[in-house]
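Residue 1 is where the sequence shown starts when you use the UniProt record's numbering, and the numbers rise one by one after that. In what follows, a structure is listed as structure tokens, so that the remarks can point back to it.
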Amino acid sequence: MFFLLQLVFFCYNVGHYRQGNARRDGGPVEERVKRRVTLTIRQRLLALIVFFICFPLLLIGWSWYRSSTETIEQSAIQANTRLIQQTNDYLDLYLTNLANSTYPFSNNSLVQKLLSSPALKPYDYFQLSEKVEEDLFSQMIYGRSDIVGISLVTSSGRQIHDFSSSDEPLDMRDIRIRNAGFMSRIGELVDFQVLKSGTVGTTPVVTVTRKLYNNLTYKYEGLLIVDLNLKQIEHICRNASLGSFNVWIADVDGRILYHSDPALMGTRLKPEFRDRLDKARGGFFRLEQPGGEQLVLYAPSRSTDWTIVADTSLHEVIGGLIRMRNLTLIAASVLLIVVLAAVSGFSFSFTRPLSRLQQLMAKVETGDFVVRRPGGRQRHDEIGSVFDSFYRMVGELNRLGLEVHSAKLKERELTIKHKESALQAMQSHINPHFLYNSLEIINSEAIVSGNREISRMTSSLAHMFRYNADHTRQDVLLRDELAHIRSYLDIQQARFPKLQVAIDIPEPDAARVRALRLTLQPLVENAFLHGYKNKKPTFIGIEGQAEPEAYCVSIADRGFGMPAERLAALARLLDAEEPSAGADRTGGIGLLNVHGRLRMLFGAPFGLSIRSSSADGGTVFVLRLPYVRLDTTQEEADPDVQIDDRRG
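Shown next, in the form of structure tokens:
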């Protein structure tokens, strides 16, 4: 709103500035009237409606939408935060019950006998293991579908298993190897610990352990390993899901323990996702995803190293509000159109006669004083009085105005012709050597003053002027063009200090390649004018590539690049017989001029092509130039060398 008010005051000040200039310059009365009126009546009415009705409504609507969005979002966050806490409570209760059910193993006499008698005879060990399975394992597994299997491992390497709940045959060697690995890390484990997710056969499980204490040695010499079916945790998470939110679990290693999408289970979180999880406190954040912005809530589990996460698309949370906003905008737009149409019709009755008067005044301003009063019904209000006064004024000034206007036109024509003649006479006496001598004087003064930068720029500018003024031959060597473009880029680098220039053409190559005068400069200027439009130039690269039939010179920039449509249009024009036919439509007059000159002198396939857009975002132009053909008796510096045109 503040910006729009500034814009109005700016227009008002511009109108007064023009009005003051018209008074000082003695401009026509009609011109001063036109400049004084910065806004028409219709524009003022529309501006009043826009500033005092439309913009306040838009601001109010936008504020309402933002506050409603924040309210709905906060409500969803609070509700699902409670949901995550509830899920945490369910998981803690479930694992606490499981921990309580494993307590009897610690002081059971059978377990203590197994731990304190590592050298049992095979038969005694068999009887003892059968007793453990019947009295302890069966009692714990009975009535629980969430336990896939139980293992008891001792420090002596003995293992007792019960995987009778499994629905598939299992390879117990893998289970024994896994259990032995857990036993080897018993010193790192706490008394009761949830380890990690895995599989038993094809069944996804979560493994928990309880350390078993030997009452004789006062050491932990056994480990109870329980494999829980992941479906129980899945059941808890599914019951906790609310609305569009999806509840899932990640472990301490950043691996997804459970997810509603089976394809994501077992995969690792993306780094940008994992870095934002503050596992110590929990909270929420928004994350940009390919499918839209996601709202993510998370909280750490109090009894495990897991993180409970609930996420959903933000569009799902505020989708209804967005639809209401869109409907409101449509209704407001329709209402605005109706109001603007009514105001336009109402103001038309005022602005139409004023526009007609403005047209008549413009006609008189051009010198046509023959203005007739139109027939039909006449207005009898203030606007009608203005018309009457205007017609009387024009009728009175018709005779003298025409004579004065005609005399002024003749006088102006004579003055213009006199000034043009004087200008042409002055220009004809300008000596180009005066410019070169002046630049040499500036260069000498800069060298004496120790200002090498000014000396370098002056030398470059003098070289450019000499090169441009030399019209004796258009056919030059590539090294001449490179010397000219280096002078041009030296000046540009002084203007743009961050501009990097890379010219990779060996001197022997440049001395044996033909070129036309001023073929590189238009292509480099194209990069500054179009490639770096509204942007400081950063890089210009010129690279040569020798081919058997031609020498290719690439000119590359890192600007905005060229749209695919314009790139294709220019490529078609460069391949056409008469490329200048569509130059105005594509805006490539300078490029097509370079291409046409090369084709005219050297013939096909020499000329300009647009090979591709570079990986850095700029455009690459490629010049195909012919080689100089030398006889065995000629020197490289001979200006009358034989040329291989290779005309097609």
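All residues carry an ideal CB built from backbone N, CA and C; glycine is no exception. Since the model is a prediction, treat every value here as computed from it, not as a measurement.
As assigned by DSSP and simplified to three states, the class of residue 236: helix
Own chain partners of residue 441 with C-beta closer than 8 Å, once the 5 adjacent residues on each side are dropped: none
Bridge partner(s) assigned by DSSP for residue 207: 227
Spatial distance of residue 383 from residue 43 (CA atoms): 19 Å
Within 8 Å, strictly: CB atoms of residue 230 and residue 197: yes
Three-pair Cβ contact test at 8 Å for the stretch 503–519 versus the stretch 529–537: no
Alpha-carbon spacing of residue 175 relative to residue 236, whole angstroms: 27 Å
Exposed unless 16 or more other CB atoms sit within 10 angstroms - verdict on residue 134: exposed
Element boundaries [beta strand (DSSP E), containing residue 551]: 551–557
Rounded C-alpha distance that separates residue 62 from residue 56: 10 Å
Cβ-based burial, residue 64 [other Cβ within 10 Å; buried from 16]: exposed
Cross-strand partners of residue 299 (DSSP beta bridge): 308
Buried/exposed call for residue 337, threshold 16 Cβ in 10 Å: exposed
Rounded straight-line distance, which links the Cα of residue 391 to that of residue 359: 13 Å
Where residue 259 falls: helix, strand or coil (DSSP): coil
Cβ contact (3+ pairs, closer than 8 Å) linking the stretch 146–156 and the stretch 253–269: no
Integer Cβ distance of residue 610 from residue 571, believed to fall under 8 Å: 6 Å
Delimiting residues of the beta strand (DSSP E) encompassing residue 161: 159–162
Check whether residue 624 and residue 552 have beta carbons under 8 Å apart: yes
Proximity below 8 Å, CB of residue 49 to CB of residue 339: yes
Residue 586 to residue 520 span [Cα, whole Å]: The predicted position of residue 586 is uncertain, since its pLDDT is 46 and thus under 50; a value taken from the coordinates is nonetheless stated next. Cα to Cα, residue 586 sits roughly 20 Å from residue 520.
Cα-Cα separation between residue 30 and residue 435, rounded to whole angstroms: Below a pLDDT of 50, predicted positions are generally treated as unreliable, and residue 30, at 47, falls in that range; the measurement from the model is reported next regardless. Looking at the two C-alpha atoms, the distance is approximately 47 Å.
Range covered by the beta strand (DSSP E) that runs through residue 502: 500–504
Residue range of the unbroken alpha helix (DSSP H) whose run includes residue 480: 478–495
DSSP three-state assignment for residue 284, whether helix, strand or coil: strand
Contacts around residue 220, its chain only, beta-carbon distance under 7 Å, and the 5 residues preceding and following it disregarded: 186, 211, 212 and 213
C-beta atoms of residue 189 and residue 209 nearer than 8 Å: yes
Cβ-based burial, residue 626 [other Cβ within 10 Å; buried from 16]: buried
Cross-strand partners of residue 219 (DSSP beta bridge): 214
Within 8 Å, strictly: CB atoms of residue 477 and residue 448: no
Within 8 Å, strictly: CB atoms of residue 601 and residue 540: no
Beta strand (DSSP E) segment containing residue 168, residue limits: First-last for residue 168: undefined, no H or E at that position.
Secondary structure of residue 449, DSSP reduced to three states: coil
Proximity below 8 Å, CB of residue 88 to CB of residue 308: yes
Cβ-Cβ separation, residue 283 to residue 300 (assumed contact under 8 Å), whole Å: In fact, because the Cβ distance is near 11 Å, the residues do not count as touching under 8 Å.
Where residue 629 falls: helix, strand or coil (DSSP): strand
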